[in-house]
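Below you'll find the structure, written out as structure tokens, and then a few comments.
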């Protein structure tokens, strides 16, 4: 499973309907892994449930989808916060006047100083509860507050924490190497205030805009090295797949993607493969340049179908549509029914992947949608 972008306050959907919103994430301080989500339900009489993070099927900045039906939420622990008063530890006992005793003057009672302690039901003791009010601090001051977190979908491990700072917020991606400790009150980082600007910036943008910008950044290089690269975006996380001719090209593609505003992180799954036309492949040699003329092989129909289908499934505009992809010698045909003209147009744009020479759009509009 890819990384999951968990935005505090995002709508939470079960299989059958919307079932709440994300209020907090539960983090184990010892290994900085998210174990559970706290889902708030109800409008007037609010209550919350503690749901394992393993139930998350999909996550975007706007919507978190659980692999559960809404009536299953009642089987999970209810989360409650409350305060109690208790004697302050190691506090001295202070005398105070409680009244007058007839003929004897004031009566002195011995009162114990009390403190308030916050308790929580539904979450194991020692776990950190992270929400939008959680402060990001160094040893001397508060630098900002948590906006959202990104985790590894397989392990729950925190991979990024996004902090907002200022009345008109600026967003920063906190490298986990700079995080010293996490507890229920704050996140302690090992940086000075002046070093915060050295953290990568995060610019909130829809995934569709980020994907378009990443594709344009790769196309702007006008390099045959990137013809085999496919990008997908989920919650600001860019996933690069396909092949490039060298390790330098692999690193450069990632650098270009990271420079795009709105990108939180890049999962670089590019593999290195020799292009047709290299000396190894026995291709033609450009005598003027004195080196092999690199031309990329056309994908066979099955590979092209897989590439286009994966791109349609990853794009938020088309992931819910049922679209059949047919490929023949570089020409891709889209067949099926979609809910609106916007989805139909988006599907054609998404289908124009590297290796596609033309797209025939036979998608029909579903009059009931």
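In my numbering, the protein residues as written are 150 to 518.
Ideal Cβ positions, reconstructed from N, Cα and C, are used throughout, including at glycine.
For residue i, the residue or residues it bridges with in DSSP
{"i": "residue 392", "result": "420"}
{"i": "residue 211", "result": "Note: residue 211 sits in no beta bridge, so no partner."}
{"i": "residue 228", "result": "197"}
{"i": "residue 185", "result": "175, 201"}
{"i": "residue 300", "result": "153, 307"}
{"i": "residue 291", "result": "286"}
{"i": "residue 415", "result": "387"}
{"i": "residue 410", "result": "Answer by DSSP bridge pairing: none, since residue 410 is not bridged."}
{"i": "residue 169", "result": "161"}
{"i": "residue 235", "result": "264"}
{"i": "residue 513", "result": "486"}
{"i": "residue 270", "result": "229"}
{"i": "residue 277", "result": "176"}
Anticipated Cβ contact below 8 Å, residue i with residue j, distance rounded
{"i": "residue 338", "j": "residue 322", "result": "In fact, because the Cβ distance is near 12 Å, the residues do not count as touching under 8 Å."}
{"i": "residue 406", "j": "residue 419", "result": "Contact flag wrong, Cβ pair sits at about 11 Å."}
{"i": "residue 200", "j": "residue 186", "result": "5 Å"}
{"i": "residue 495", "j": "residue 464", "result": "7 Å"}
{"i": "residue 280", "j": "residue 298", "result": "Contact doesn't hold; Cβ gap of about 10 Å is too wide."}
{"i": "residue 402", "j": "residue 368", "result": "The pair is not a contact, with the Cβ atoms about 12 Å apart (cut-off 8 Å)."}
{"i": "residue 490", "j": "residue 450", "result": "Not quite, the Cβ-Cβ distance comes to about 28 Å (not below 8 Å), so this is no contact."}
{"i": "residue 515", "j": "residue 497", "result": "Residue 515 to residue 497, Cβ: 17 Å. No contact."}
{"i": "residue 393", "j": "residue 415", "result": "Not a contact, Cβ separation roughly 14 Å."}
{"i": "residue 168", "j": "residue 219", "result": "4 Å"}
{"i": "residue 304", "j": "residue 325", "result": "In fact, because the Cβ distance is near 13 Å, the residues do not count as touching under 8 Å."}
{"i": "residue 487", "j": "residue 461", "result": "In fact, because the Cβ distance is near 11 Å, the residues do not count as touching under 8 Å."}
{"i": "residue 159", "j": "residue 302", "result": "Actually they are not in contact, since the Cβ atoms of residue 159 and residue 302 sit about 16 Å apart, beyond 8 Å."}
{"i": "residue 466", "j": "residue 492", "result": "6 Å"}
{"i": "residue 230", "j": "residue 267", "result": "6 Å"}
{"i": "residue 484", "j": "residue 454", "result": "With 8 Å as the limit, residue 484 and residue 454 do not qualify as a contact, their Cβ atoms being about 12 Å apart."}
Residue from the options whose Cα sits closest to the Cα of residue i
{"i": "residue 225", "options": "189, 236, 480, 234", "result": "189"}
{"i": "residue 523", "options": "320, 467, 480", "result": "Nothing can be reported for residue 523, as the shown portion of the chain is limited to 150 through 518."}
{"i": "residue 232", "options": "269, 218, 491, 319", "result": "269"}
{"i": "residue 291", "options": "308, 315, 299", "result": "315"}
{"i": "residue 205", "options": "482, 300, 235", "result": "300"}
{"i": "residue 376", "options": "320, 178, 505", "result": "505"}
{"i": "residue 221", "options": "237, 195, 164", "result": "164"}
{"i": "residue 198", "options": "161, 320, 178", "result": "161"}
{"i": "residue 153", "options": "344, 209, 318", "result": "209"}
{"i": "residue 344", "options": "455, 397, 327", "result": "327"}
{"i": "residue 318", "options": "227, 230, 293", "result": "293"}
{"i": "residue 191", "options": "172, 182, 183, 181", "result": "172"}
{"i": "residue 180", "options": "399, 331, 157, 174", "result": "331"}
{"i": "residue 306", "options": "159, 493, 178, 458", "result": "178"}
{"i": "residue 341", "options": "289, 474, 238", "result": "289"}
{"i": "residue 503", "options": "391, 351, 170, 228", "result": "391"}
{"i": "residue 458", "options": "235, 166, 499", "result": "499"}
{"i": "residue 372", "options": "350, 348, 398", "result": "398"}
{"i": "residue 348", "options": "374, 320, 365", "result": "320"}
{"i": "residue 346", "options": "313, 482, 485", "result": "313"}
{"i": "residue 116", "options": "263, 264, 262, 278", "result": "Not covered by the structure: residue 116. The range shown for the chain is 150 to 518."}
{"i": "residue 365", "options": "228, 501, 207, 236", "result": "501"}
{"i": "residue 421", "options": "400, 404, 395", "result": "395"}
{"i": "residue 236", "options": "264, 229, 217", "result": "264"}
{"i": "residue 223", "options": "196, 238, 374, 456", "result": "196"}
{"i": "residue 170", "options": "184, 155, 182", "result": "155"}
{"i": "residue 234", "options": "207, 262, 217", "result": "262"}
{"i": "residue 166", "options": "217, 183, 456", "result": "217"}
Contact between the segment 355 to 364 and the segment 403 to 415 (3+ Cβ pairs under 8 Å):
yes
Continuous beta strand (DSSP E) assignments of at least 3 residues falling wholly in the segment 311 to 388: 319 to 324, 328 to 331, 335 to 338, 378 to 383
Evaluate the contact criterion for the segment 358 to 369 versus the segment 379 to 394: three or more CB pairs, one atom per stretch, below 8 Å. yes
Evaluate the contact criterion for the segment 285 to 296 versus the segment 263 to 277: three or more CB pairs, one atom per stretch, below 8 Å. no
Using a Cβ distance threshold of 8 Å, determine whether the segment 329 to 345 contacts the segment 203 to 215, with at least three qualifying pairs required. no
Margin query: For the pair the segment 386 to 403 and the segment 469 to 485, tell me if three or more CB-CB distances fall below 8 Å.
Written below: no
| request: Identify every run of the alpha helix (DSSP H) within the segment 457 to 511, keeping only runs that are complete inside it and at least 4 residues long; order them along the chain. | output: 490 to 500
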